[in-house]
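Asker: Sharing a structure with you now.
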Amino acid sequence: GALFIDAGNIWNVFDDIEDDRATFSGFDSLKNIAVGSGFGLRYDFSFFVLRGDIGFKTYNPAYSEGNRWFKDYNFSNAVYNIGINYPF
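Under the working numbering, the first residue of the sequence shown is numbered 40, with each subsequent residue one higher.
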């Protein structure tokens, strides 16, 4: 089995854009990091590993201040992934 947490975001660094919120502005931009979490199963067939993961958007900085943390762990809101071998 597996438990995981993933954090990150995408910012424009060199592009000339109209929305300043999409540009990286140092430490102030770190509050816009999104977080995902979940769990999965692994089965080792000795020549490859079959993976099944279920993930949730745990923290979404695109939402308003009071609704950024995910509270409804319903499987209809999950993201499902199936993979062969390890992800990296």
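Even glycine gets a Cβ: it sits at the ideal position worked out from N, Cα and C.
On the DSSP bridge assignment, give the partners of N120 in chain order.
Answerer: DSSP, once it has assigned bridges, lists D92 as partnering N120.
Asker: Is the beta carbon of I123 closer than 9 Å to that of F87?
Answerer: yes
Asker: Give a yes or no on whether the C-beta atoms belonging to A93 and V74 are separated by under 9 Å.
Answerer: Reading off the sequence shown, one finds Ile at residue 93, where the question assumed Ala. Going by C-beta atoms, I93 is not nearer than 9 Å to V74.
Asker: For the beta strand (DSSP E) holding F78, just list the boundary residues, first then last.
Answerer: DSSP places F78 in the uninterrupted beta strand (DSSP E) bounded by A73 to D83.
Asker: So is G65 buried or exposed if we call it buried at 16+ other beta carbons inside 10 Å?
Answerer: exposed
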